[in-house]
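A.B. asks:
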Amino acid sequence: GVSGRIPVYEMFKIDREMQDIILKRPQEQEIFKLARSRGMITIREDAILKSMAGFIPFQEVYNF
-16 GVSGRIPVYE
-6 MFKIDREMQD
4 IILKRPQEQE
14 IFKLARSRGM
24 ITIREDAILK
34 SMAGFIPFQE
44 VYNF
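All residue numbers for the sequence shown refer to the numbering used here, where the first residue is -16 and numbers rise by one.
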């Protein structure tokens, strides 16, 4: 890693149900909806949380 930098990201776990849905070639919104129902946070939400915790300046949230 790079010293002094905090990563901001979004990711979700691909379990069996998610894999089955992806293989059916769904609309992006279907994948997003399932991921959100399983607790995925968006990259912007991650930036806000890290800003609120004091890890990154709030102005940086606008970059996401």
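We treat Cβ as the ideally placed atom computed from N, Cα and C, and that holds for glycine. In this text the structure is predicted, and so the values were computed from the model without any measurement.
(1) Less than 8 Å between C-beta atoms, sequence neighbours within five positions excluded: which residues of the same chain meet that for Leu17?
(2) What residue range is occupied by the uninterrupted alpha helix (DSSP H) comprising Phe47?
(3) Identify whether Glu(-7) lies in helix, strand or coil by the three-state DSSP scheme.
(4) Kindly indicate which three-state DSSP category Phe41 falls into: helix, strand or coil?
(5) Just to confirm the assignment, what range does the alpha helix (DSSP H) spanning Gln2 have?
C.D. replies: Looking at the coordinates:
(1) Taking the first residue of the sequence shown as 1, we reach residue 17 at position 34. So the qualifying residues of the chain are Glu0, Met1 and Ile4.
(2) Walking along the sequence shown from the start, residue 47 turns up at place 64. From DSSP, Phe47 is part of no alpha helix (DSSP H); its letter is neither H nor E.
(3) As a working mapping, residue -7 is identified with position 10 in the sequence shown. Glu(-7) sits in coil when the DSSP states are folded into three classes, being neither helix nor strand.
(4) Here residue 41 refers to the residue found at position 58 when the sequence shown is read from its first residue. Helix, per DSSP.
(5) As a first step, residue 2 must be located in the sequence shown, where it is residue number 19. If you look at Gln2, you'll find it in the alpha helix (DSSP H) that goes Arg(-1) to Leu6.
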